[in-house]
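Visitor:
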Amino acid sequence: MPTSFPTALRVPPATLARPPRRGARLALAAILVVGLAVGLVFGFWPQLDLAVTAQIYDAAQRAWPYAYTPSLQGIRDVNDAVVRGVAVAAGLVLILRLAVPRIARERLPAGLSLRAALFVLATLAVAPGLIINGLLKPHGGRPRPIEVTQFGGTLDFVPWWSPYGRCDGNCSFASGEMSSAMWLLAVAVLLPPRWRPLGVALVLLWAATVGGVRIAMGGHFASDVLMSAVLTALTVWVLHALIMRPRPA
Numbered sequence: 008m009p010t011s012f013p014t015a016l017r018v019p020p021a022t023l024a025r026p027p028r029r030g031a032r033l034a035l036a037a038i039l040v041v042g043l044a045v046g047l048v049f050g051f052w053p054q055l056d057l058a059v060t061a062q063i064y065d066a067a068q069r070a071w072p073y074a075y076t077p078s079l080q081g082i083r084d085v086n087d088a089v090v091r092g093v094a095v096a097a098g099l100v101l102i103l104r105l106a107v108p109r110i111a112r113e114r115l116p117a118g119l120s121l122r123a124a125l126f127v128l129a130t131l132a133v134a135p136g137l138i139i140n141g142l143l144k145p146h147g148g149r150p151r152p153i154e155v156t157q158f159g160g161t162l163d164f165v166p167w168w169s170p171y172g173r174c175d176g177n178c179s180f181a182s183g184e185m186s187s188a189m190w191l192l193a194v195a196v197l198l199p200p201r202w203r204p205l206g207v208a209l210v211l212l213w214a215a216t217v218g219g220v221r222i223a224m225g226g227h228f229a230s231d232v233l234m235s236a237v238l239t240a241l242t243v244w245v246l247h248a249l250i251m252r253p254r255p256a
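This note's numbering puts the sequence shown at residues 8 to 256.
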């Protein structure tokens, strides 16, 4: 008889929730410290955003030399494909675990659990979906580098925290592609403990690459990328604690 949805989420008493491990607490502390540092530094000294972007923009030619570079666009395409692939895979696991639980238990590895699929999909929906693309980008108002007067545009530059920019939609703060790249942390933290540090390191390296590409192409300021990374990492941490921590039967 098919297992009900709530029952499928239950775990044996022996695996009831325990306090977060030291590594999880350190990860949360690191996320909060980095977020506070980035927010304060770029908040009090917003000209740092302009200084970073000025190293890329060709003022003499009034052009963005890397805006249409095929290799950089290729990195964006790869990130999009990976994110879509992981999301589809998580969706399939979710469907199998709910529709045919007995077969799923026999055929799927234990790590591909219902909880894991829910966690991966929930973090995608909340971080890149709701927070970044649903709330911040449509309503933040911050113009992109290619739109501000300092780099050949027509709109005034504003700091990351300012709601007074004149961007009408799909704005610079925060970076959606950086968020989707950082979202892959949700997969990395589900790896076996032996491989987890390597997985996290690879995701951080990949996210830094994607963020650098967006800055180089004039699509985002440095603070857009960094704050997006922090918000996404924090979402992953919170939802991991809520979903993956075992609950009483």
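Every residue, glycine too, gets a C-beta built ideally from N, C-alpha and C.
Taking the beta carbon of L1 as the centre, do at least 16 other beta carbons fall within 10 Å, making it buried, or is it exposed?
Guide: Since the displayed the chain opens at 8 and closes at 256, residue 1 lies outside it and no answer follows.
Visitor: Which residues does DSSP pair with A70 in a beta bridge?
Guide: Answer is D65, bridged to A70.
Visitor: With DSSP as the reference, label L162 as helix, strand or coil.
Guide: The answer is strand: DSSP assigns L162 an E or B state.
Visitor: Where G92 and T161 are concerned, what is the direct C-alpha to C-alpha distance, given to the nearest angstrom?
Guide: Each residue's alpha carbon lies about 38 Å from the other.
Visitor: In the DSSP assignment, find the alpha helix (DSSP H) that holds P77 and state where it starts and stops.
Guide: Its alpha helix (DSSP H) spans residues 77–106.
Visitor: Here's a check: name, in chain order, each residue in its chain whose Cβ is nearer than 8 Å to the Cβ of G310, leaving out the five neighbours to either side.
Guide: Coverage of the chain is limited to positions 8 through 256, which leaves residue 310 absent and any answer about it impossible.
Visitor: What are the start and end residues of the alpha helix (DSSP H) that includes L238?
Guide: Segment 229–246, the alpha helix (DSSP H) holding L238.
Visitor: Identify every residue that forms a DSSP beta bridge with V155.
Guide: Paired residues: L162.
Visitor: Taking only three categories from DSSP, how would you classify N140?
Guide: N140: helix per DSSP, three-state reduction.
Visitor: Let me make sure I understand the geometry here. Which of T242, Y73, L192, M234 has the alpha-carbon closest to that of L43?
Guide: The shortest Cα separation from L43 among T242, Y73, L192, M234 belongs to M234.
Visitor: Is W213 helix, strand or coil by DSSP?
Guide: It is helical.
Visitor: Tell me which same chain residues have a C-beta within less than 8 Å of the C-beta of A94, skipping the five on either side of it?
Guide: Closer than 8 Å at the Cβ level, and outside the excluded window around A94, lie V127, L128, L131.
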